[in-house]
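Down below is the structure, laid out as structure tokens.
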Amino acid sequence: MEEDWIRRSAEGDHGAFALLVEKYQGQVYSLAYRLLGDRGEAEDAAQEVFLRVYLRLKDYDSKRQFSTWLFAIASHHCIDRLRRRRLVISFEDLPPKRSVAVERSPIEGVVLEEEQAEIRQLLLSLSPEHRLVVVLRYWHDLSYAEIAGITGEGEGAIKSRLHRARRILAQGMKGSQVGRVALEEERCTL
Amino acid sequence: MHPIEDGELISDYFDGVLDNGQVNLLETHLRDCQPCWEEITLMHRLDKLFSRAPMVMPPTGFAQKVLARLEEREARRGVLRVLPFLLIGALLLASVLAFSLLDPLRVMLDGYMPLISMGTKILMDGVGALFSLCRASTTALKAMVAVLDQRFVLLYSLTALVVMLLWARLVAPRLAYSYQYKGG
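Going line by line, the protein sequences match chains X and Z.
Per our numbering, numbering of the first sequence is gapless, rising by one per residue and ending at 1396.
Per our numbering, numbering of the second sequence is gapless, rising by one per residue and ending at 213.
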């Protein structure tokens, strides 16, 4: 079915392309949000990604998994945006954004809100390349091989980059309230 | 080397692919090494924190917005693709009108005809160098002016105008679309 949507989209069928957008919008938007850290910019970036996908569909190699090809376009676009943004504004200057609205109790909502803010701050402490690996691994559940397919690097490089990112994040967490509480709790359980 | 420095080992540990012996060795080390214990504890906490974080969803109507942007971009590209054809048409029309206007002037200023002809030729050759279609039209016009039949010139101008309008309205957009999506 997806192959049919892709073929028809490449022939200029907007209806078929809308089905592809519907199917992948959550994943592309989520990737853009985690990488860019801003809902408005993530929406704009995700829309732009789908436009680029539409225009490049005639070059799509059907032997390749469509989602990998799509993520590669999305990743490159978001990283380009981050690089351009670096020249304009320091990432840390951006105000914290409100996170996802999910139906939860007020207490759960507050906890989730705090966690989202924490995650956002932690991700922003990483370079775009490290952030990409973390996002693809944790939120998109991709294997090292799949991430390597998206970034065009070797699996070994991805593995060591993820480890490096984990270390940076752990170091960043150590100085935060959440990190101190986590260490204290673990000490108590020993 | 500290286990924490060994990216391969820690990645395998978090991926749950270490065998029991390796896990025991690592955990023994963690009991005696405060920096490694702290770092791995925090990495564990990160794992939990990230795994609890939900997938964020785009705002309602996202797909419709993408399609609207797509149609807007296609319309803009369509105009850009047609532009060269319109430019050629405009130049053709300009050459036709220039001759229509120049001809009565030529009759009035008969004595200066060689000069006017030379200037016109230079102008038309310049245009014709860029667009062979325009050059062919110029040559035809020169022939018409030579016989001094103003009715024929007027008829030719009107026909050229109609052909250009039909071209811009019917043929050029199809060519542009074909070029953009079929790789023509």
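Positions of the beta carbon are idealized from the N, C-alpha and C atoms, including for glycine.
> With distances taken from CA atoms, which of 1345/X, 1369/X, 1224/X is nearest residue 99/Z?
Replying inline: The residue you call residue 99/Z lines up with position 70 of the second sequence. The option with the nearest alpha carbon to residue 99/Z is 1224/X.
> Thinking C-alpha only, which one of 1246/X, 1272/X, 1267/X is nearest residue 86/Z?
Replying inline: Residue 86/Z sits at position 57 when you count from the first residue of the second sequence. It is 1246/X whose Cα lies nearest to the Cα of residue 86/Z.
> Are any of the Cβ atoms in chain X nearer than 7 Å to that of residue 85/Z?
Replying inline: Here residue 85/Z refers to the residue found at position 56 when the second sequence is read from its first residue. Cβ-Cβ to chain X under 7 Å: yes for residue 85/Z.
> So is residue 1336/X in contact with chain Z if we call contact Cβ pairs under 7 Å?
Replying inline: Residue 1336/X sits at position 130 when you count from the first residue of the first sequence. No, residue 1336/X does not count as interfacial toward chain Z.
> Counting Cβ pairs, one atom from each stretch, are 3 or more of them under 8 Å apart for the segment 112 to 119 of chain Z and the segment 1249 to 1264 of chain X?
Replying inline: no
> Along the segment 85 to 119 of chain Z, what residues have a CB closer than 7 Å to any CB found in chain X?
Replying inline: Shown in chain order are the members of the segment 85 to 119 of chain Z whose Cβ falls below 7 Å from a Cβ of chain X: 85, 86, 87, 88, 91, 92, 94, 95, 96, 98, 99, 102.
> How is the alpha helix (DSSP H) around residue 1358/X delimited, first residue to last?
Replying inline: Position 152 of the first sequence, counting from 1, holds the residue named residue 1358/X. Boundaries cannot be given for residue 1358/X, as no alpha helix (DSSP H) includes it and DSSP labels it neither H nor E.
> On the three-pair Cβ rule with 8 Å, is the segment 1337 to 1353 of chain X touching the segment 1228 to 1247 of chain X?
Replying inline: yes
> How would you list, in chain order, the residues of chain X whose beta-carbon sits under 9 Å from the beta-carbon of residue 37/Z?
Replying inline: Locating residue 37/Z in the second sequence gives position 8, where the first residue counts as 1. Simply 1362, 1365, 1366, 1369.
> For the segment 1225 to 1237 of chain X, which residues have a beta carbon sitting closer than 7 Å to at least one beta carbon of chain Z?
Replying inline: 1227, 1228, 1231, 1232, 1235, 1236
> Given that residue 1249/X touches chain Z, what residues does it touch there, using C-beta distances under 9 Å?
Replying inline: For the purposes of this step, residue 1249/X is taken as residue 43 along the first sequence, with counting starting at 1. Scanning chain Z for C-beta atoms nearer than 9 Å to the C-beta of residue 1249/X yields 87, 88, 91, 94, reported in chain order.
>> Please list, in chain order, the chain Z residues whose beta carbon lies closer than 9 Å to that of residue 1222/X.
In response: The residue given as residue 1222/X occupies position 16 in the first sequence. What residue 1222/X touches in chain Z: nothing, since even the nearest Cβ is about 11 Å away.
> To the nearest angstrom, how far is it from the Cα of residue 41/Z to the Cα of residue 1285/X?
Replying inline: Mapped onto the second sequence, residue 41/Z falls at position 12. Mapped onto the first sequence, residue 1285/X falls at position 79. Roughly 27 Å between the two C-alpha positions.
>> Do residue 121/Z and residue 219/Z have their beta-carbon atoms positioned less than 7 Å apart in this structure?
In response: Lying before the first or after the last residue shown, residue 219/Z is absent from chain Z, which here runs from 30 to 213.
> For residue 1387/X, is the classification buried or exposed, using 16 other Cβ atoms within 10 angstroms of its Cβ as the cut-off for buried?
Replying inline: Locating residue 1387/X in the first sequence gives position 181, where the first residue counts as 1. Per the 10 Å Cβ criterion, exposed.
> Any beta-carbon of chain B closer than 7 Å to the one on residue 57/Z?
Replying inline: No chain B is part of this structure, whose protein chains are labelled X and Z.
> For the alpha helix (DSSP H) that residue 83/Z lies in, which residues bound it at each end?
Replying inline: Here the question's residue 83/Z lines up with position 54 in the second sequence. First-last for residue 83/Z: undefined, no H or E at that position.
> Under the three-state reduction of DSSP, which class applies to residue 73/Z: helix, strand or coil?
Replying inline: Here residue 73/Z refers to the residue found at position 44 when the second sequence is read from its first residue. In the structure shown, residue 73/Z sits in a helix (DSSP, three-state: H, G or I).
> Taking the alpha carbon of residue 1335/X as the point to measure from, which residue in 1255/X, 1232/X, 1282/X has its own alpha carbon closest?
Replying inline: In the first sequence, the residue the question calls residue 1335/X occupies position 129. Nearest C-alpha to residue 1335/X: 1282/X.
>> With a threshold of 6 Å on Cβ separation, who are the neighbours of residue 1346/X within its own chain once the five nearest residues in sequence on each side are excluded?
In response: The residue you call residue 1346/X lines up with position 140 of the first sequence. Excluding five sequence positions before and after residue 1346/X, none of the CB atoms of its chain fall closer than 6 Å to its own CB.
> Helix, strand or coil for residue 147/Z per DSSP?
Replying inline: Here residue 147/Z refers to the residue found at position 118 of the second sequence. Taken through DSSP and simplified to helix, strand or coil, residue 147/Z comes out as helix.
>> For residue 1300/X, would you say it is in contact with chain Z, using Cβ-to-Cβ distances shorter than 7 Å as the test?
In response: Translated into the one-based positions of the first sequence, residue 1300/X becomes position 94. Note that residue 1300/X scores 43 on pLDDT, short of 50, meaning its location in the model is unreliable and no value can be drawn from it.
>> Closest to residue 125/Z by C-alpha separation, out of 81/Z, 43/Z, 170/Z, would be which residue?
In response: On the second sequence, position 96 is the one that residue 125/Z refers to. Selected option, being the one with the closest Cα: 170/Z.
> DSSP on residue 1260/X, reduced to helix/strand/coil?
Replying inline: In the first sequence, the residue the question calls residue 1260/X occupies position 54. Helix, per DSSP.
>> Here's a check: name, in chain order, each residue in its chain whose Cβ is nearer than 8 Å to the Cβ of residue 1351/X, leaving out the five neighbours to either side.
In response: For the purposes of this step, residue 1351/X is taken as residue 145 along the first sequence, with counting starting at 1. Closer than 8 Å at Cβ, skipping near neighbours: 1361.
> residue 182/Z: which of 130/Z, 199/Z, 64/Z sits nearest, CA to CA?
Replying inline: Taking the first residue of the second sequence as 1, we reach residue 182/Z at position 153. Across the set 130/Z, 199/Z, 64/Z, the C-alpha of 130/Z shows the shortest separation from the C-alpha of residue 182/Z.
>> Could you check whether the Cβ of residue 1379/X sits closer than 7 Å to any Cβ belonging to chain Z?
In response: Position 173 of the first sequence, counting from 1, holds the residue named residue 1379/X. Taking Cβ atoms only, chain Z reaches closer than 7 Å to residue 1379/X, which makes this a yes.
> How long is the line joining the alpha carbons of residue 1383/X and residue 1320/X, rounded to whole angstroms?
Replying inline: Here residue 1383/X refers to the residue found at position 177 of the first sequence. Here residue 1320/X refers to the residue found at position 114 of the first sequence. If I take the Cα positions, the gap works out to 11 Å.
> Is the distance from the Cβ of residue 92/Z to the Cβ of residue 1227/X below 7 Å?
Replying inline: For this step, residue 92/Z is matched to residue 63 along the second sequence. For this step, residue 1227/X is matched to residue 21 along the first sequence. Yes. Within cutoff.
>> Between the alpha carbons of residue 1371/X and residue 74/Z, how many angstroms are there, rounded?
In response: Your numbering for residue 1371/X matches position 165 in the first sequence. Your numbering for residue 74/Z matches position 45 in the second sequence. Between the C-alpha atoms of residue 1371/X and residue 74/Z there is a straight-line separation of about 14 Å.
> By a C-beta neighbour count over all protein chains shown, 10 Å radius and 16 as the cutoff for buried, is residue 1397/X buried or exposed?
Replying inline: Here chain X covers residues 1207 to 1396 and nothing more, so residue 1397/X does not appear.
> Among 175/Z, 180/Z, 127/Z, which residue has its Cα nearest to the Cα of residue 156/Z?
Replying inline: Within the second sequence, the letter at position 127 stands for residue 156/Z. The shortest C-alpha separation from residue 156/Z is found at 127/Z.
> Any idea if residue 1252/X is buried or exposed, counting beta-carbon neighbours within 10 angstroms, 16 or more meaning buried?
Replying inline: To locate residue 1252/X, count along the first sequence from 1; it is residue 46. By the 10 Å Cβ count, residue 1252/X comes out buried.
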